[in-house]
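Data block below; observations after.
Residue numbers (this note's numbering): 14 to 292.
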């Protein structure tokens, strides 16, 4: 029968709300915790609930007997490592483009690995694995799969990217900064989905790209790179002292360039008579 729209709309928000409610007592039991730390604990609880309930949902709504394979989480180890490595290489190319533009424009100064301590390195790795895996499981794993059961493939591709963009705090910068960040998030959502498609449904390439961007940019801001006061927002990205580069011109060029390069390589492989993945 397939998933219903009501279930698709309510499933993750209900889990997130339940996680938020379950950790409310922490504020009283540990008064020293900041509100954002309590909220983070709620997000972790929600992720655990998601991991526990996803197999059941996929079996019932999708008719999948191997839910973790359908989500792209389980695959042969060489395939997983290859996809993850290619995702990280894309991350390095995008971050190198941003850093190069900032250094060339005089908007930043390179410090190098000596600017990072061990705690910041661990934090960057935790962000890379935690945020990358959690968000890709939700958006490119579960949500995209649900949408493909309910609408045409192109519509599902575009809608998952739109939902991914809209649930992030894109409006905080205001004005053109908000428009830039929303557009960058849309481009990122499209790239992440197409990476998974090109990897034959394996999720780990998207995890590597997404997590690498989050963890890599954190590491750059934490000590590898010093953003100077004159760094223009259109280049560094909106966000003031904590800019998000995917909302800037260079971020758009990098993410758009990945889409253009993918299309070029796909057309070239078709011309050479080689099989290509759909989309």
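Where is the CB? At the ideal position from N, CA and C, for every residue including glycine. Every value quoted in this text rests on a predicted model; they were computed, and no experiment measured them.
Using the rule of at least 16 other Cβ atoms within 10 Å of the residue's Cβ for burial, across every protein chain shown, is residue 59 buried or exposed? For the purposes of this step, residue 59 is taken as residue 46 along the chain shown, with counting starting at 1. In the assembly as shown, residue 59 is a buried residue. Its beta-carbon has 16 or more other beta-carbons within 10 Å.
Whole alpha helix (DSSP H) elements within the stretch 22-50, 4-residue minimum: Fully enclosed alpha helix (DSSP H) runs of 4 or longer: 39-42.
Mind checking residue 158: buried by the 16 CB within 10 Å criterion, or exposed? In the chain shown, the residue the question calls residue 158 occupies position 145. Buried, by the Cβ-count rule.
For the alpha helix (DSSP H) containing residue 159, list its first residue and its last residue. By one-based count along the chain shown, residue 159 stands at place 146. It spans 157-161 - the alpha helix (DSSP H) in which residue 159 sits, taken as one unbroken run.
Could you confirm whether any beta carbon from chain B is found closer than 7 Å to the beta carbon of residue 147? Reference to chain B is not applicable here, since this structure consists of a single protein chain.
So what does DSSP say about residue 103, is it helix, strand or coil? In the chain shown, counting from the first residue as 1, residue 103 sits at position 90. Reduced to three states, the DSSP call for residue 103 is helix.
Return the Cβ separation of residue 133 and residue 219 in integer angstroms, given the expectation that the two are a contact with Cβ distance under 8 Å. Against the chain shown, residue 133 aligns to sequence position 120. Against the chain shown, residue 219 aligns to sequence position 206. Their Cβ separation, rounded to whole angstroms, is 25 Å, which puts residue 133 and residue 219 out of contact at 8 Å.
Backbone CA spacing between residue 85 and residue 216 [nearest angstrom]: For the purposes of this step, residue 85 is identified with residue 72 of the chain shown, where counting begins at 1. For the purposes of this step, residue 216 is identified with residue 203 of the chain shown, where counting begins at 1. Between residue 85 and residue 216, the C-alpha separation is close to 5 Å.
According to DSSP, is residue 59 part of a helix, a strand, or is it coil? Here the question's residue 59 lines up with position 46 in the chain shown. The answer is helix: DSSP assigns residue 59 an H, G or I state.
Contact between the stretch 111-131 and the stretch 237-254: three or more CB pairs below 8 Å? The answer is yes - the stretch 237-254 touches the stretch 111-131, with three or more Cβ pairs under 8 Å.
Which same chain residues end up closer than 8 Å to residue 21 when comparing Cβ atoms and leaving out the 5 residues on each side of it in sequence? As a first step, residue 21 is located in the chain shown; it is residue number 8 there, counting from the start. Excluding the 5 residues flanking it on each side, residue 21 has same chain C-beta neighbours closer than 8 Å at 156, 159, 160 and 163, in chain order.
Take residue 244 and list the residues in its own chain whose beta-carbon comes closer than 8 Å to its own, dropping the five residues that flank it on each side. Within the chain shown, numbered from 1, the residue matching residue 244 stands at position 231. Short of 8 Å from the beta carbon of residue 244, and not among the five residues preceding or following it, lie these beta carbons of its own chain, in chain order: 115, 118, 120, 121 and 256.
Quick one: what's got a C-beta closer than 7 Å to residue 184's C-beta in the same chain, skipping five residues either side? To locate residue 184, count along the chain shown from 1; it is residue 171. Closer than 7 Å at the Cβ level, and outside the excluded window around residue 184, lie 191.
Considering only C-alpha positions, which residue in the set 221, 252 and 264 is nearest to residue 95? Looking up residue 95 in the chain shown gives position 82. Residue 221 is the option with its Cα nearest to residue 95.
Exposure label - residue 24; buried when at least 16 CB within 10 Å: Along the chain shown, one-based indexing puts residue 24 at 11. So residue 24 counts as buried.
I need the boundaries of the alpha helix (DSSP H) containing residue 77, first residue and last residue. One-based indexing of the chain shown puts residue 77 at position 64. Looking at the DSSP string, residue 77 is not in any alpha helix (DSSP H), and its letter there is neither H nor E.
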